[in-house]
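Only one structure is covered here, and it is reproduced in the block below.
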RNA sequence: CGGUGAGUGGCGCAGCUUGGUAGCGCACUUGGUUUGGGUCCAAGGGGUCGUAGGUUCAAAUCCUAUCUCACCGACCA
């Protein structure tokens with residue numbers, strides 16, 4: 001490709017609204033342009049990258065025996081009414097009417113359509129398992145589109161749906177998809193983690209998210225430094241390390257005037273917060289036959305709402321008691337609540353349960369106890385996993401310690417079970433001739449989001465540094481003063497032809513621009529290899545190669561350039 | 001949906017407080033200059049100042065309404 005026949009569309013400045021690197025760089029490098037909130041046009045360079053990602057996804061899906069189809073973006077509402085999601089989905093579902101005033105939706109996902117399809121096409125267990133996918137535009141009327149292409153309303157998703165006679169078969173395909181996803185992200189060249197998204201209470205994981213690690217990510221990922229364990233911070237189970245030490249001290253009452261927080265208590269008593277416990281009062285569930293529950297955490301730990309609300313004694317969703325309610329029920333204000341002698345059931349976090357001789361509120365304003373111990377002093381309580389996992393905790397699989405980093409969710413795989421097949425009565429006849437509802441799995445990848453995530457992970461102050469596998473071009477050919485130097489022009493044209501003959505994707509900057517402009521544009525666009533042709537090196541029949549990622553420069557003989565690139569880039 | 005802020009050539013902004021008929025940088029066009037890291041000079045083209053209404057001799061500027069967008073919180077690939 002020649003720049004003079006191409007649309008470069010680079011910019012010096014990025015729009016004020018672009019907050020994160022990938023958004024700024026996608027606009028500055030001329031990859032996308034915004035049409036309206038959450039709606040983007042893909043310019044030629046961006047589209048080349050997008051297509052590379054699509055091809056890798058497609059290839060790995062095919063290798064995993066998934067079969068490509070294409071379903072409509074516009075879907076009739078009655079399917080959504082049948083699945084219950086016409087009511088359930090809410091305003092993110094864009095609803096439209098046709099000329100006959102019939103209701104349709106712009107598909108945010110395709111479970112309904114695929115299930116209806118399979119219901120009609122598949123009638124025997126012999127045709128199973130079946131795994132169908134498409135790479136296609138989705139529309140979700142996001143509350144707040146953000147970060148450019150990262151969270152747009154219209155986006156491209158690879159969505160796959162598998163159908164099975166039983167759970168065992170579903171599990172096999174699920175594992176296969178898990179592996180396919182790992183292959184995809186490895187091939188693209190991204191640092192990622194497969195994250196446990198929901199450790200179902202019955203039998204193992206039923207959902208994994210795939211996250212690309214990047215500072216700008218919106219999710220906190222906890223992962224082991226020794227194993228491949230990874231989970232959302234909210235969902236990661238915490239196992240308490242160590243054992244409780246024996247009680248040495250007696251309970252004493254100390255004055256802690258005006259100390260409302262653990263930090264203030266710890267400061268007044270000159271101890272670290274981890275030697276204190278904090279007691280939080282939450283609303284109890286109906287079945288608990290109490291009004292409130294006291295939750296006890298170590299002073300330096302953070303309550304995990306999700307875990308707490310899953311406990312049978314605790315109201316779901318979690319509701320913290322107000323200070324007035326606490327005062328009314330227990331005769332004490334925030335700051336001096338404690339488990340010792342409190343008139344409600346007590347839930348103790350696993351880590352807090354390992355504390356001994358600890359400090360806690362005395363249930364009298366302005367006073368705390370020291371030297372408190374479970375069992376000896378606090379007798380009736382339940383232990384549960386109630387806090388957020390933290391950096392440095394032991395990994396839940398027992399291997400290594402936990403690190404926490406930000407992640408961008410780019411993929412999600414699910415074992416759906418029979419939710420949709422049941423609602424739309426999708427089943428087959430079994431070997432014994434009985435009707436059997438199918439088990440389903442679904443597997444999504446945010447194709448457009450991968451492009452943004454790749455930039456988040458691979459850029460510097462000059463621009464994008466594309467991984468080879470998804471770079472819009474492998475090589476930028478940059479001639480110095482081609483319009484003045486006949487020699488430079490000749491070599492440039494010859495190399496350009498050679499690269500094309502060798503099947504290398506090359507961008508030949510034949511604009512009549514100053515060198516600085518060309519260097520800056522090619523670096524901003526992020527092409528992995530630059531070949532610079534200048535009078536300077538032509539006497540020795542050499543040109544210069546520069547690696548975008550490492551910045552390394554070296555001189556190459558003109559005759560060797562193409563081979564050098566094809567060997568290095570694995571073309 | 002709640003909170004905050006902004007709408008002025010393609011992009012980034014100034015002008016608004018104190019009304020007087022729109023300006024700067026980038027980009028674009030032309031000519032010259034320069035040519036291994038976003039040259040420099042000159043000339044030029046392009047804007048219903050988000051929209052509607054009002055106040056006024058006069059509105060980008062003041063008032064009212066409305067629309068849109070962005071940023072911060074709960075959802076998602």
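In UniProt numbering, the protein residues as written are 1 to 571.
Ideal Cβ placement from N, Cα and C applies to all residues, glycine included.
Model, not experiment: these values are computed from the prediction.
Note on the stretch 451 to 499: whole beta strand (DSSP E) runs with a minimum of 3 residues are 475 to 479, in chain order.
In the DSSP assignment, residue 409 falls outside any alpha helix (DSSP H) and lies within the beta strand (DSSP E) extending over 402 to 417. Under the 10 Å beta carbon count, residue 158 is surrounded by 16 or more other beta carbons and is classified as buried. The beta carbons of residue 284 and residue 313 sit about 6 angstroms from each other, so the pair counts as a contact at 8 angstroms. Note that the stretch 434 to 443 touches the stretch 165 to 178; at least 3 beta-carbon pairs, one per stretch, sit closer than 8 angstroms. Of 564, 468, 489, the smallest CA-CA separation from residue 53 is found for 468. Nearest in C-alpha terms to residue 252, of all of 383, 114, 278, 377, is 377. Proximity to residue 415 across 556, 169, 477, 494 peaks at 169, based on C-alpha coordinates. Annotated three-state conformation of residue 131 is strand, per DSSP. Under the DSSP assignment, residue 265 falls in the alpha helix (DSSP H) whose first and last residues are 262 to 269. By alpha-carbon distance to residue 5, the top candidate from 512, 530, 101 is 512.
Cβ atoms of residue 129 and residue 164 come within 8 angstroms of each other, at about 5 angstroms. Nearest C-alpha to residue 153 among 456, 108, 70: 108. Distance between residue 295 and residue 348, taken at the CA atoms: about 6 angstroms. Across the structure, residue 184 and residue 49 are spaced so that their CA atoms are roughly 15 angstroms apart. Runs of the beta strand (DSSP E) lying entirely within the stretch 149 to 185, each at least 3 residues long, are 154 to 164 in chain order. The closest CA to that of residue 381, considering only 2, 297, 557, 463, is found on 297.
Counting every other CB atom within 10 Å of its CB across the protein chains shown gives residue 140 a total of 16 or more, marking it as buried.
Going by beta carbons, residue 402 and residue 224 fall inside the 8 angstroms limit. In the three-state DSSP reduction, residue 273 falls in the helix class (H, G or I).
Non-local beta-carbon contacts of residue 135 in its own chain, meaning distances under 7 angstroms to residues more than five positions away in sequence, involve 54, 57, 58, 156, 158, 447 in chain order.
Here DSSP, grouped into helix, strand and coil, assigns residue 47 to helix. Residue 28 counts as buried, since at least 16 other C-beta atoms from the protein chains shown sit within 10 angstroms of its C-beta. Excluding its 5 nearest sequence neighbours in each direction, residue 342 has C-beta neighbours in its own chain below 7 angstroms: 294, 330, 363, listed in chain order. Cβ-Cβ separation between residue 477 and residue 506: approximately 6 angstroms, consistent with a contact (criterion under 8 angstroms). Taking C-beta separations shorter than 7 angstroms and ignoring five residues to either side along the sequence, the partners of residue 273 in its chain run 262, 263, 266, 299, 300, following chain order. Rounded to whole angstroms, residue 150 and residue 215 show a C-alpha spacing of 14 angstroms. Pairing residue 339 with residue 279 gives a Cβ-Cβ distance under 8 angstroms. In the displayed model, residue 516 falls within a helix according to three-state DSSP. Non-local C-beta neighbours of residue 257 in its own chain, meaning closer than 6 angstroms and more than five positions away in sequence, comprise 366, ordered along the chain. Contact check for residue 311 and residue 240: beta-carbon distance about 16 angstroms, past the 8 angstroms limit, so the pair fails to qualify. Minimum Cα-Cα distance from residue 9 among the listed residues 161, 46, 302 corresponds to 46. Contact check for residue 71 against residue 114 passes: the beta carbons are separated by less than 8 angstroms. If you look at residue 439, you'll find it in the beta strand (DSSP E) that goes 439 to 446. Its chain contains 195, 197, 409, 412 as the residues whose beta carbon lies nearer than 6 angstroms to that of residue 209, once the 5 sequence neighbours on both sides are disregarded; these appear in chain order. Ranking 259, 327, 307 by CA distance to the CA of residue 292 puts 327 first.
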